[in-house]
Structures are given as C-alpha cells and as structure tokens.
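Down below is the structure, laid out as structure tokens.
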Amino acid sequence: MDHRFADVAEVRDKLTSVDYLADDAIAGIVHLSDRLEKPILIEGPAGTGKTQLAKSVAEMTGAKLIRLQCYEGLDEAKALYEWNYKKQLLRIQADRSGETDWSELEDDIFSEEFLLTRPLLEAIRAEEPVVLLIDEVDRVEIETEALLLEILSEYQVSIPELGTVEAKQIPLVFLTSNNTRELSEALKRRCLYLHLDYPDMDREKQIVMTRVPDITEHLANQVARVVRSIRQLELKKHPSVSETIDWARTLVLLGIDQIDAETATETVNILLKYRTDIDKAVKDMNANADTYSG
Amino acid sequence: MSTVSKNGSPTESNDVAGEPSPLLDLLSGFIVELRNAGLPVSLTENLDAMEAIRHIPLEDRTALKYALAATLVKNNSHWKAFEIVFDVYFSLRGEEYALDSELSDALLEDDDEDDEQGPPGGADGEKGSGGNSGMTPEELAEMLYNALANGDQQMMRAMARESVRRYAGMEPGRPVGGTYYLYRTLRNLDLDGVLEQLMQQEQDSSEETSQFEQRLKRDEFNDRIEALKKEIESEIRRRLVADRGVEAMAKTLRKPLPEDVDFMHASREEMANLRKAIYPLTRKLAVRLARKRRRGRKGPLDFRHTIRTSLSYGGVPAEPKFRNPRPKKPEIMVIADISGSVAAFARFTLHLVYALSSQFTQVRSFVFIDGLDEVTEFFEQTDDITEAIHRVNSEADVIWVDGHSDYGHALEVFWNNYGKDVGPKTSVLILGDARNNYHAPNSWIIKDIKERARNVFWLNPEPKSYWDTGDSIIGEYASHCDGIFEVRNLRQLEKFADNLA
Numbered sequence: 004m005d006h007r008f009a010d011v012a013e014v015r016d017k018l019t020s021v022d023y024l025a026d027d028a029i030a031g032i033v034h035l036s037d038r039l040e041k042p043i044l045i046e047g048p049a050g051t052g053k054t055q056l057a058k059s060v061a062e063m064t065g066a067k068l069i070r071l072q073c074y075e076g077l078d079e080a081k082a083l084y085e086w087n088y089k090k091q092l093l094r095i096q097a098d099r100s101g102e103t104d105w106s107e108l109e110d111d112i113f114s115e116e117f118l119l120t121r122p123l124l125e126a127i128r129a130e131e132p133v134v135l136l137i138d139e140v141d142r143v144e145i146e147t148e149a150l151l152l153e154i155l156s157e158y159q160v161s162i163p164e165l166g167t168v169e170a171k172q173i174p175l176v177f178l179t180s181n182n183t184r185e186l187s188e189a190l191k192r193r194c195l196y197l198h199l200d201y202p203d204m205d206r207e208k209q210i211v212m213t214r215v216p217d218i219t220e221h222l223a224n225q226v227a228r229v230v231r232s233i234r235q236l237e238l239k240k241h242p243s244v245s246e247t248i249d250w251a252r253t254l255v256l257l258g259i260d261q262i263d264a265e266t267a268t269e270t271v272n273i274l275l276k277y278r279t280d281i282d283k284a285v286k287d288m289n290a291n292a293d294t295y296s297g
Numbered sequence: 150m151s152t153v154s155k156n157g158s159p160t161e162s163n164d165v166a167g168e169p170s171p172l173l174d175l176l177s178g179f180i181v182e183l184r185n186a187g188l189p190v191s192l193t194e195n196l197d198a199m200e201a202i203r204h205i206p207l208e209d210r211t212a213l214k215y216a217l218a219a220t221l222v223k224n225n226s227h228w229k230a231f232e233i234v235f236d237v238y239f240s241l242r243g244e245e246y247a248l249d250s251e252l253s254d255a256l257l258e259d260d261d262e263d264d265e266q267g268p269p270g271g272a273d274g275e276k277g278s279g280g281n282s283g284m285t286p287e288e289l290a291e292m293l294y295n296a297l298a299n300g301d302q303q304m305m306r307a308m309a310r311e312s313v314r315r316y317a318g319m320e321p322g323r324p325v326g327g328t329y330y331l332y333r334t335l336r337n338l339d340l341d342g343v344l345e346q347l348m349q350q351e352q353d354s355s356e357e358t359s360q361f362e363q364r365l366k367r368d369e370f371n372d373r374i375e376a377l378k379k380e381i382e383s384e385i386r387r388r389l390v391a392d393r394g395v396e397a398m399a400k401t402l403r404k405p406l407p408e409d410v411d412f413m414h415a416s417r418e419e420m421a422n423l424r425k426a427i428y429p430l431t432r433k434l435a436v437r438l439a440r441k442r443r444r445g446r447k448g449p450l451d452f453r454h455t456i457r458t459s460l461s462y463g464g465v466p467a468e469p470k471f472r473n474p475r476p477k478k479p480e481i482m483v484i485a486d487i488s489g490s491v492a493a494f495a496r497f498t499l500h501l502v503y504a505l506s507s508q509f510t511q512v513r514s515f516v517f518i519d520g521l522d523e524v525t526e527f528f529e530q531t532d533d534i535t536e537a538i539h540r541v542n543s544e545a546d547v548i549w550v551d552g553h554s555d556y557g558h559a560l561e562v563f564w565n566n567y568g569k570d571v572g573p574k575t576s577v578l579i580l581g582d583a584r585n586n587y588h589a590p591n592s593w594i595i596k597d598i599k600e601r602a603r604n605v606f607w608l609n610p611e612p613k614s615y616w617d618t619g620d621s622i623i624g625e626y627a628s629h630c631d632g633i634f635e636v637r638n639l640r641q642l643e644k645f646a647d648n649l650a
C-alpha cells in the first residue's frame, strides 16, 4: 500500500499549511499512524487541540471527516449500524400476496439495502479517503469500548446477518480522551498513544500568530508569556489554547498593544472561567509586581 | 544503522557477526528495562515498536524517542519513567550527543574494552577536571549568563556540558549517586545569583518596563534556569552511564511509578503527581456508584413510549418500554483519621475527600484523632483545596484528651451525634490504620452502622503484614465491615474502586 506521507517533515509542512502547528511528537505520530495503519489515541487536558488535529489532518489530506461523538449510553445502533426495521416491515407487508417464500424474503430483508450505516460502518465502507474521529471516547462506559475493538484492530465490522464488512481503504483514525477515566488496556494496546499537553511558550506564540492574523509579534509574545505564567499557578482549570486565542483576539479588538497588570486583570475572565481561579490569578499578577518592584 | 551501532557497548558488537541486528538487541534490552520499571508493555506493543522504528530515520534521536513513546507508553504518568530509561539506553548514541571532551573519550574507550570492571580512574580523570579548554571560570560564567539571558538552547546545552565537566568532579568508578554531582555542579554555578543579576540587568537596561513585565521576565528566566538544571542532570546521567554501563545505571535510576508510590512515604513532588491522578479516580468511583443504580431492575411501564414503538409493529404493542429508574444520589460519609501516625496518609486522604466532594453532591466528611468533628462545610465553602485543608487542620475540633488516636471514642462521638443521619442509601468509608493506643475499641458501633447503612468500607494505609500487630485492632473492626482494603498507593485505590461495582 502506498503511504500518504513521505516523511515526518512532510506531515509537519502540510499541517502548517492548514494552520495547525505540529511539534515533533505530533508530526511523528501522524506519520507513524499512516505507516503502521494504527489508530491514534490522543489524551490531554481540554482545549489543547486534540479534536482540531483530526480535523486538520482531514483537511490537509483532502479526506472526508467522519465523526463519532461519544456519550454515556452510546450503543451499537448509534455507533455501528442498525437494521431499518420500518423498511423491512414495509417489504414484508408489500409481499402479503405470498409469492416469494419465507427464506428468500428473509435473505432479502437482511441485505445491505435495509442497513442503516452509522459513523463507524460508514467510515469502513467509504470509497473515498476518510479520517475517522472518535471524540471523547472516555465518556462511554468501559463495556461499550469493546464495540470499537474490532474496527480499530482489523478495520472491519462483523454483522451477524450479513457477514464481515471489510474496509475498502484504511482510514486514519483518531480517538480523543479527556482522561476522565482510565481507558481499557485492550483499547490502548490497539492504538498509538499521544499525550497532547499545553504547548511551550514559543509554540503557543506561533499558534497565536497563525490563528490571530492581526496580532503584532510583540503582543503575541506577551500573551504567550502571561498565559504560561498563569498556568504555573495551581488552578481548578488552566487556560486552554483556545482560550489563549480568544484572549489574544479580544486584546486585538480592544486595540491593546501592550499588556500591563491592569489590562490583564480586566480581561483575565476570558482565560479563566472560575471565580476562585480569577481571584487567584489577579492576586498573583498584582502581588508579584509589588514584591519584585524593590 | 551505522550511527547507532557506532557507540554500541561490547555485548552488541559481539553479536554483529550473527544475523540479528544490534539495534534489535538494544531495543529488547530497553523494553525489558521498561518492564522492570513497572510499565505494562505487552507483546503486541513490543512488536509495534519494532515495526515503528523501521519507518523512521534512525539517526534522528527525537523521532526515535517519539516513535518508541507512541507505541510503548500508553499512560502519561509513565512518561517520566520512560524518558529516564530512554536517556540511559540511547544517550550515548547519535552524532551530536557524543561525549566530546577528552575525559569522556577516554572513558568511552575504556568502556569499550572492559565494561565489567569499569575504567580505571587516574590520570585521564584529573586532566578532565583541570579545565583544559582554556576558559577561565569567569569566562564560563559570562557565557552561561549570556546563554540564559538570550534563551539560546544550543548554548545552554553546551554550557551544561562544560559545567559538569568542570565542576562535578566526576571520577570513574566512584560509588556516589548523581545527586552528589548535581549538587557540586550547581553549587559552583550559583544560579540564584545569576537570576538576580539577570533581573537587575533587565531593570537597568530599560527603565520604563512595568512591574508586570518584570514579573513575566522573572518567570521566563526561572524557566530557563530549570531547563539548564535538567540539561545538567541529564549530562551527569550520560556520563554515569558511560562509566557504569547501561544496565547498572538503569537499575539505580529506577523509581516507583506514580501509581505505586506509597502514600505514607511520598515526597512533595510525588504528592503533587498523586493529587493530579486522584481526579480521574474519584470520577471512576462516582461512575461505578451511579451505574450500579441505573442498571438492574427497570422502572415502571412507559405508556407513551410503548404506544409510539407499537406503530412500527402495525399498532401491536409488541415491545413494552419501561422508564429508567431515576438514579438516586449516593450518599457518602467519609470518616478519616488525621492523627500523627497516619499524617502523610491523612494529607492524601483529605485530597481524596475533597475530590470526592466535587464529584458527589452528598458527601459528608468527618475527621478524628481522639475526638471527631464534621468538616463537610470546609470543603464545600471553598474551591481551594489548600485553604480547606488548612481550615481542617486549624479549626476542626478533633482533640478530646491528649491528641492520640482513640478510635473507640471517635466512633462513639460519631454515632451519638450523626448516627441518625446514616440511612440505607449511605456508604460509609473509614480511612485509618486502626491503631487505637490500647483504648476501648467500641467495635459494636461499626456493627450498628453497618446494620443501618448500605455498606461500610475500611481503607487501611498500613501494609497488611502490620495489621493486628501492636495496638492495631483492624481485625476486630474488620468482622463488622463489608470490606477492608489495604490502600497504600493509587493502584490499590483503583482496585478498590473497581471492586465497588
């Protein structure tokens, strides 16, 4: 099978061209996933670009993105496939005259025509290149995870009445998890693992500059530095990359080109969403300024 | 491949004659060491790693690292352990990582000749520590200062190397740990002084910078200095590996994984990691309890839903639909010993209680030593865990006579004051070592609680072998509980959470 990317550098360049700044780990793992034909499990705090990575990969390869949003109570009928029993019923009723015998009819109503495909099966059956995104997989119960195992390791779906549907082409698969619970060993074993943490200061600055085109380099630099130092505090929820971008946009809209303690205090509610966190950050920003002033 | 095998250790070079590549040998050694360090590396993952390295340029050390990490490390808390093992196994490989000074070259040659005995110390070593690069300490300090001021990573790495070479005074075969060398190097560099200097210069150079700006600068310099320390640490590690050989070094660096760290003896840093890991765990507890309630017997018949479904069967209500039982909120009562004998555990316990109360709405928490007090509101009123713990420690009325644990009396107080609140929906969690200082155990109270509550669990932070020795009377309480668990680390706590279901 031919590969999507020649090397790691190509992955990185292509991702950059769709405004996703990848570091070594990210570009490396996307490249490996293509070569080894293995899904990528991405874990990390909220708002670090886990879902965005899948979207960007789809965009850069020109593939169709199929997304399965996980939630508690997700089942086979919503994730894999379901029989269109209304249509089946119609078929049976239309045949009241009794011309066809039962076994023939049974074969007929359990054919692909009566199958409703759900995201996972859809991704397997797609003719064109596909990126499959299984979002927030930690939200399903541990028993439901088993649904995913066959598709993740063999790229096939077994339907008792129909047989096995094998993938027409191997899709790139991304699973994201916010780490609210430990995923099962079986699932982890089938995936490549990427922990996506908050970016370091330079990368965050670059991200801000790509996503907020009007920003000056000086301001982007300051934004990245302030966010970095806020993340070092012990908070309930640290500012995510998307919140950083929102903050930078706000600053640009307000026409601010130099952050000082005052502007930071006034706009910090964009970065932080908890009252206690905001208080803490504000206190820290002002207190430290005083302490070090002497 | 040539780059990799160039600096290989003698065992591998012997194998080159045969078919198996030295890299595969190295890799399997590496994986064995990961397993020794406690990482659960399965056979499939092992094969994946072998497959993965075929697809990356081997001279690229970063790519190798991430490829191995992607296939072998499936838990972020294991990353640090992985990084250390990786450093040890692959630190001597790769062009730009070669030990460049004369000292290390000498070391390396010796290493190649007789790995077992270790290179003889002496002339080579002294020459190295003499500083033969022609730089005075002042020049070195200045270069280091500049590197830090500009954040020049390349330069910082070079400086880290040079300072270790010069100040650590590493002698081959000397039986001291890396921390000793680290201390020696850092003492000579006086990084605190450098930080002050940097800040001073920052102030002088541009007088109009705001205080806010200065504060950011300080953070940034601090970061760079931390990075430098890391660089120095890994440089020392590299040299130790060259001296002592890979396996020996890996063994000395082995540390328990976060989930295996004993609560009672956790260092501050380990404690911080534990705290982070607690949240997913309490959520798991919450999910376990919630699910148990949602499954099982179905609720009453849902008439509307049944009729709606019957339409697809031509009006025949073939598939009766039931309402889901309304999940009842679990009630949890946590009773925690915070006496001196379990001080370290208590710190952790309070974090657990805090995390629990943010997951469940109905958590009531009690702490005791020889008296008992309710501390629910301390946790409810604030989002700040440190404040809550501070209030528990300073305001809770837990001392009755002398401040030595008295489980009997504490339980009595609980039963008299709060016993009426224990109901059939209540799970009672008792955390403590049951070391009662030979007071009356009053174990009948546990029995009474159990009769009224849904279940009673006891988590004991002591190793099982110590139970019922000395003044520990855990056995006496055990007979009345639904379960007694040894919980000394996260792994065991997780097992307890699993058993709940």
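Going down the list, the sequences are from chains A and B.
Reading the first sequence from the start, the letters are residues 4 to 297 in the working numbering.
Reading the second sequence from the start, the letters are residues 150 to 650 in the working numbering.
Every residue gets a Cβ at the ideal spot worked out from N, C-alpha and C, and that includes glycine.
Residue-level contact to chain B via CB, residue i, 7 Å cutoff
{"i": "A:Gly31", "result": "yes"}
{"i": "A:Tyr74", "result": "no"}
{"i": "A:Lys81", "result": "no"}
{"i": "A:Asp27", "result": "yes"}
Span of the alpha helix (DSSP H) around residue i
{"i": "B:Asn566", "result": "556–567"}
{"i": "B:Asn604", "result": "Not the alpha helix (DSSP H): B:Asn604 falls in the beta strand (DSSP E), residues 604–609."}
{"i": "A:Asp110", "result": "105–112"}
{"i": "B:Gly489", "result": "Careful: B:Gly489 lies outside any alpha helix (DSSP H) and carries neither H nor E."}
{"i": "B:Phe179", "result": "171–185"}
{"i": "B:Phe361", "result": "360–393"}
Residue i in three-state terms, based on DSSP
{"i": "B:Asn224", "result": "coil"}
{"i": "A:Ala9", "result": "coil"}
{"i": "B:Gly632", "result": "strand"}
{"i": "B:His414", "result": "helix"}
{"i": "B:Glu523", "result": "strand"}
{"i": "A:Asp22", "result": "coil"}
{"i": "B:Asn648", "result": "helix"}
{"i": "B:Ser191", "result": "coil"}
{"i": "A:Glu85", "result": "strand"}
{"i": "A:Glu148", "result": "coil"}
{"i": "A:Val143", "result": "coil"}
{"i": "A:Gln261", "result": "coil"}
Exposure label - residue i; buried when at least 16 CB within 10 Å
{"i": "B:Lys400", "result": "exposed"}
{"i": "B:Glu418", "result": "exposed"}
{"i": "B:His414", "result": "exposed"}
{"i": "B:Gly456", "result": "Per the sequence shown, the amino acid found at residue 456 of chain B is Ile instead of Gly. Exposed: under 16 other Cβ atoms inside 10 Å."}
{"i": "B:Ala421", "result": "exposed"}
{"i": "A:Arg7", "result": "buried"}
{"i": "B:Leu639", "result": "buried"}
{"i": "B:Lys223", "result": "buried"}
heavy atom of the ligand HEM below 6 Å from residue i C-beta
{"i": "B:Val483", "result": "With respect to small molecules bound, the structure shown includes none, and the ligand HEM cannot be examined in it."}
Residue-chain proximity (residue i, chain A), Cβ-Cβ < 7 Å
{"i": "B:Phe361", "result": "yes"}
{"i": "B:Leu639", "result": "no"}
{"i": "B:Gly274", "result": "Residue confidence is low: B:Gly274 scores 37 on pLDDT, short of 50, so the model does not pin down where it sits. Its coordinate-derived value is still stated next. By this cut-off, B:Gly274 is not an interface position."}
{"i": "B:Thr458", "result": "no"}
{"i": "B:Asp368", "result": "yes"}
{"i": "B:Glu244", "result": "Because B:Glu244 sits at a pLDDT of 45, beneath the cut-off of 50, its placement in the model cannot be relied upon, and the point is left open."}
{"i": "B:His414", "result": "no"}
{"i": "B:His227", "result": "no"}
Delimiting residues of the beta strand (DSSP E) encompassing residue i
{"i": "A:His198", "result": "195–198"}
{"i": "A:Lys67", "result": "67–72"}
{"i": "A:Val271", "result": "That residue, A:Val271, is in no beta strand (DSSP E); it is neither H nor E in DSSP."}
{"i": "A:Ile45", "result": "43–46"}
Sufficient close CB pairs (3 or more, under 8 Å) joining the region 4–18 of chain A to the region 98–111 of chain A: These segments do not touch.
The region 362–382 of chain B in contact with the region 306–314 of chain B per 3-pair CB rule at 8 Å: Contact between the region 362–382 of chain B and the region 306–314 of chain B is present, because at least three Cβ pairs lie under 8 Å.
Meets three-Cβ-pair contact criterion under 8 Å: the region 75–89 of chain A and the region 230–249 of chain A: No: fewer than three Cβ pairs fall under 8 Å.
Three CB pairs or more closer than 8 Å across the region 195–210 of chain B and the region 36–55 of chain A: Taking 8 Å as the limit for Cβ pairs, the verdict is that the region 36–55 of chain A does touch the region 195–210 of chain B.
Cβ contact check for the region 66–74 of chain A and the region 114–134 of chain A: 3 or more pairs under 8 Å: Short answer: they touch.
Stretch-stretch touch, CB-based, cutoff 8 Å, three pairs: the region 387–402 of chain B with the region 145–154 of chain A: Contact fails: fewer than three Cβ-Cβ distances are below 8 Å.
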